[in-house]
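The working numbering puts the first residue of the sequence shown at 12, with every later residue one more than the last.
Virtual Cβ for every residue (Gly too), placed ideally from N, Cα, C.
Computed from a prediction, not measured in an experiment: that's the story for all the values here.
Structure first, commentary second.
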Amino acid sequence: MDAFGSEQHVVRGKKERVGTGLDRLDMLLEGGFPSNSVTLVSGTPGSGKTILCYHYIKAGLDNGEKCLYLTSDERIENIMHEANLFGFDFYSAVESGQLKFKYLDLDRSSFHREMDEEVKSGRYSRVVLDSLTPVAEAPVWVTSGGHEIIPAENATISTTYPIGSVPATRVHVRRIMSILNNENCTTLVTSEIPEGERCLSRDSISEFLVDGIILMDVDPTMDRRKLSVRKMRGTKHTLKPQNIEINETGIKFA
Ligand SMILES: Nc1ncnc2c1ncn2[C@@H]1O[C@H](COP(=O)(O)OP(=O)(O)O)[C@@H](O)[C@H]1O
Ligand SMILES: [Mg+2]
12 MDAFGSEQHV VRGKKERVGT GLDRLDMLLE GGFPSNSVTL VSGTPGSGKT
62 ILCYHYIKAG LDNGEKCLYL TSDERIENIM HEANLFGFDF YSAVESGQLK
112 FKYLDLDRSS FHREMDEEVK SGRYSRVVLD SLTPVAEAPV WVTSGGHEII
162 PAENATISTT YPIGSVPATR VHVRRIMSIL NNENCTTLVT SEIPEGERCL
212 SRDSISEFLV DGIILMDVDP TMDRRKLSVR KMRGTKHTLK PQNIEINETG
262 IKFA
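The structure is reproduced here in structure tokens:
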């Protein structure tokens, strides 16, 4: 057991649960996310996906857990600063090594491997990938033989699928999900839904590969925000959208 592995999970009844960081969401989910699950947090831009991830990481840090935040945004300092504006102080956890922010450079064909190695080597109990969308849209390199369509480190780059093509997206999403599924961590993966669309993720594949789906929604006309649990493995939950607010301390249930 490592220095941060002492009290990893909240146990309610027979099922191991991982606290979400929001009491009301824990109540909706019979205690939290199922241990070792992958949950997709999908919603339009500005719907609160990233803030939900901050709450989740904060809960892990408070519980003495080791946490990993994967992002394709290289401005890590900005992320920590923004989190700090909501009162989430991640600086000391980064300094002590309890929390790691890892930048995924999507222009490098090795980003899957780098992510895989980090997830495996760090023994993290909580992982956030914010956001899956640019990762799923990264180009795919095809090896010269044409048999391998993963972005392999030493591949001879001959062809790329057009960005946004279904095979490219599927390759990325499947690989990412298998990396996250294979480890003893409980993961949140955010996904952008374009404004006005009724799908559950932009790639329209990831929702079939995850254990849970949390949908974040905004109603600009009514100036209201909602959060719904659309799917959660092994959990009896309401599908009813819950009214939420965002304020200077993050997400609040109304
Ligand atoms: N202090 C605040 N008070 C109220 N709302 C805020 C505050 N800070 C940010 N917000 C809202 O939160 C949104 C950003 O939430 P975020 O989690 O980053 O969205 P996304 O779903 O794109 O990740 C902003 O667009 C704004 O509407
Ligand atoms: Mg975001």
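How far does the beta strand (DSSP E) with residue i in it reach, from first residue to last?
{"i": "residue 63", "result": "Segment 60-73 is the alpha helix (DSSP H) holding residue 63; no beta strand (DSSP E) there."}
{"i": "residue 146", "result": "Here residue 146 belongs to no beta strand (DSSP E); instead the alpha helix (DSSP H) covers 143-147."}
{"i": "residue 35", "result": "Here residue 35 belongs to no beta strand (DSSP E); instead the alpha helix (DSSP H) covers 34-39."}
{"i": "residue 221", "result": "Careful: residue 221 lies outside any beta strand (DSSP E) and carries neither H nor E."}
{"i": "residue 239", "result": "235-243"}
{"i": "residue 78", "result": "78-82"}
Looking at the structure shown, is residue i part of a helix, part of a strand, or coil, going by DSSP?
{"i": "residue 113", "result": "strand"}
{"i": "residue 180", "result": "helix"}
{"i": "residue 50", "result": "strand"}
{"i": "residue 165", "result": "For residue 165, the pLDDT reaches just 47, beneath the cut-off of 50, and the residue's location in the model is therefore unreliable, although a value from the coordinates is still provided. The answer is coil: DSSP assigns residue 165 none of H, G, I, E or B."}
{"i": "residue 135", "result": "coil"}
{"i": "residue 203", "result": "strand"}
{"i": "residue 159", "result": "With a pLDDT of 49 at residue 159, under the threshold of 50, the modelled position of this residue cannot be trusted, and the question is left open."}
{"i": "residue 230", "result": "strand"}
{"i": "residue 262", "result": "strand"}
{"i": "residue 122", "result": "helix"}
What do you get for residue i, buried or exposed, if any count of 16 or more other CB atoms within 10 angstroms of its CB means buried?
{"i": "residue 64", "result": "buried"}
{"i": "residue 92", "result": "exposed"}
{"i": "residue 265", "result": "exposed"}
{"i": "residue 165", "result": "The predicted position of residue 165 is uncertain, since its pLDDT is 47 and thus under 50; no value can be drawn from it."}
{"i": "residue 205", "result": "exposed"}
{"i": "residue 30", "result": "buried"}
{"i": "residue 131", "result": "exposed"}
{"i": "residue 60", "result": "buried"}
How close, in whole Å, do the beta carbons of residue i and residue j come, if the pair is a contact with beta carbons under 8 Å?
{"i": "residue 147", "j": "residue 123", "result": "With a Cβ gap of about 12 Å, residue 147 and residue 123 do not count as contacting."}
The alpha helix (DSSP H) spanning residue i covers which residue range?
{"i": "residue 96", "result": "87-96"}
{"i": "residue 208", "result": "It is not in any alpha helix (DSSP H) - residue 208 carries neither H nor E in the DSSP assignment."}
{"i": "residue 215", "result": "It is not in any alpha helix (DSSP H) - residue 215 carries neither H nor E in the DSSP assignment."}
{"i": "residue 107", "result": "102-107"}
Measuring CB atoms only, is the segment 208-224 touching the segment 233-253, in the sense that at least three cross pairs come out at less than 8 Å? yes
At least three beta-carbon pairs within less than 8 Å, the segment 128-143 to the segment 177-193: yes
Contact between the segment 101-112 and the segment 69-77 is defined here as three or more beta-carbon pairs at a separation below 8 Å; is this criterion met? yes
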